[in-house]
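At the far end of the sequence shown sits residue 343, using the UniProt record's numbering, and the numbering has no gaps.
From the three backbone atoms N, C-alpha and C, an ideal C-beta is built for every residue, glycine too.
Accompanying notes for the structure given below.
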Amino acid sequence: MQQPHGKGTPDLALSGWVEYGGRRLSGDEILSLLREDPCAALHFGGEFSFTCGEWQGRDHFGIAPGDGPAGTLTRNGAFIGRIDPGYPAGDLEAAIIEAVALRAVDGAAVALSGGVDSALVAAVARLPCVVVGLEGSHDLVRALALAEALGLSCEAVTVTEREVEAALREVVGVLGDPNPVDASIATTESFVARWAGERGYRRILAGQGADELFGGYARYLESPDLAASLAAGVDDIPRQVARDSAVASLYGTAFSLPYLDLRVVAAARAIPPAEKVCGGVRKLPLRKVAERHLPLEFARGEKKAMQYGSGIWKAIGHLSRANGYKKSVQGYLTDMGRDMHGH
């Protein structure tokens, strides 16, 4: 949004939202801070991308779409510094509650799958929820049961294989030549984003980032070097965030990610890897927090990733085989991209 000010004062072009010292700032407050000391932006939290005259900044993980590099403040394109509020490693539960509260404002909803990550966000946020899946899919059943247990409204978006194919084409058109996992995740997200956009929700709170921070993937159970595996997962977050943002922007909405709030990240990083994946249980610290907010079956229950639990991964595999790609979903996606882009 463009916000004109007095003569000789640069306009602020802001995407997303900024918080400073735990408080969301208005556009006027951001502009006032930047006019007084542009380097104040180095301590901004939130999910934002801004340009103010010759200054440009973007949030730590690049959650808000923008031209500048994630987590950097630049002046006329020259690097000034890393954007990081420098939160100390505090209590994990308090960090999650504050991160959700900052995002659970008017015009927001929650993407709910029934797994512990999104369930905890939904329980704290108390916002309208949506779940996506094919008829009878694990996520539809589980999310609706959870919403009922918590007394939350949850709309089920039941999709067909034909709708999955149309959404997949749209996703391939945006992402180019995605791998099958990214394509299936993005296709699932596209239904969430469409639902939100059609209902005027500008922000969708989601559980992304929790698997990377707390050790949620099955591969972590077998990892010979858990610390290195977790670090590699966190390093991949900006790439995943860019994918999700590209999909959401198709529908004029955005994913908002409480677990990637730097308070939560600091608290998570202070927990030793061996305490995150322990005794065959993944995301143990997060589950302990969730037990205080959710029925135990949801706090402790294992769940498949969204593309599996929704049935969309299975639908894409079926579509691939039906189109003559017996063994390679990647081949199906690559040829779909070539057809769309005229190669």
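Assuming contact is defined by CB atoms lying nearer than 9 Å, are Leu120 and Ser190 in contact in what I supplied? no
Within the same chain, show all residues whose beta-carbon is closer than 7 Å to that of Ala315, passing over the 5 residues directly before and after it, in chain order. Leu134, Glu161, Val164
Roughly how many angstroms separate the alpha carbons of Glu291 and Arg300, rounded to a whole number? 8 Å
So is Ser118 buried or exposed if we call it buried at 16+ other beta carbons inside 10 Å? buried
Could you check what DSSP says for Arg24 in three-state terms: helix, strand or coil? strand
Could you work out which residue in Gly45, Gly27, Trp195 is closest to Gly71 when comparing CA atoms only? Gly45
Can you tell which of Gly317, Leu226, Asp84 has its C-alpha closest to the C-alpha of Lys327? Gly317
Relative to the alpha-carbon of residue 348, which residue among Gly107, Ala64, Val131 has its alpha-carbon at the smallest distance? The structure shown does not extend to residue 348, since the chain is modelled only from 1 through 343, so no value can be given for it.
Indicate whether Pro178 and Val171 have their beta-carbon atoms separated by less than 9 Å. yes
Going along the chain, which residues of its own chain have a beta-carbon closer than 7 Å to the beta-carbon of Gly66, five neighbours each way excluded? Ser15, Ser49, Arg58
Pairwise C-alpha distance: Gly53 and Gly136: 52 Å
Could you tell me which of Ser184, Ala109, Asp335 sits nearest to Pro258, measuring between CA atoms? Ala109
Environment of Ala111 [buried if 16+ CB atoms lie within 10 Å]: buried
With DSSP as the reference, label Ala99 as helix, strand or coil. helix
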